[in-house]
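Undergrad: In our numbering, the protein residues as written are 1 to 187. Where a beta carbon is used, it is the ideal one built from N, C-alpha and C, also for glycine.
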């Protein structure tokens, strides 16, 4: 394990928690442990969890691009997607989803598609995040490219090169245009 403060937080985790993407980028360049978990306070919380909790879209994007584990869980079982859902961070939930974070499940039965509500949906509902809840309920059929509103051009290009189709149904840009407007948090 690397350096940490009295609360067991790595410098990278603190930078992400404080929404300091420039500092996080410098720390990543110095090759810190991308997955170094927090030892105290919220044991197991990673820098990605801290960025998702604090609402730092820039840090979440940076960490996901660097290969952070979107499925990592804290000691009490919380993941970055769960904390983003609980805190109502819609853009972060979309971004995490584009990197493969679970949003729910669906299967076909004899009558059509059946969805199984996810833990993220329950947290969004319990927290009163209606917009996020509606997106989580609809997004089980989306590919990573459907989250074009939050993707960097480099990520969108990488997805296209890896085989994601811009012609998938529903059409990614149509989903983006019909999705509710992102609410901006007060400055």
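Can you give me the start and stop residues for the alpha helix (DSSP H) that residue 54 sits inside?
TA: Residues 47-54.
Undergrad: Relative to the C-alpha of residue 34, which candidate in 149, 63, 157 has its C-alpha closest?
TA: If we check each option's Cα against that of residue 34, 63 comes out closest.
Undergrad: Please work out which residues of its chain come closer than 6 angstroms, Cβ to Cβ, to residue 260, disregarding the five sequence neighbours upstream and downstream, and give them in chain order.
TA: The structure shown does not extend to residue 260, since the chain is modelled only from 1 through 187, so no value can be given for it.
Undergrad: With respect to the alpha helix (DSSP H) encompassing residue 80, which residues constitute its N-terminal and C-terminal limits?
TA: Residues 80-87.
Undergrad: Assuming residue 28 and residue 85 form a contact by the criterion Cβ under 8 angstroms, report the distance between their Cβ atoms to the nearest whole angstrom.
TA: Not a contact, Cβ separation roughly 26 angstroms.
Undergrad: Inspect the beta-carbon positions of residue 164 and residue 145 and report whether they are closer than 8 angstroms.
TA: Cβ atoms of residue 164 and residue 145: closer than 8 angstroms.
Undergrad: Count the other CB atoms, across all protein chains shown, that sit within 10 Å of the CB of residue 42; report buried if there are 16 or more and exposed otherwise.
TA: Buried, because 16 or more other Cβ atoms sit within 10 Å of the Cβ of residue 42.
Undergrad: For residue 77 and residue 23, what's the separation of their Cα atoms in angstroms?
TA: About 28 angstroms.
Undergrad: State the DSSP-derived secondary structure class of residue 140, mapped to helix, strand or coil.
TA: Correct three-state label for residue 140: helix.
Undergrad: With distances taken between CB atoms, is the gap from residue 197 to residue 66 smaller than 8 angstroms?
TA: Absent from the model: residue 197. The displayed extent of the chain is 1 to 187, so no value can be given.
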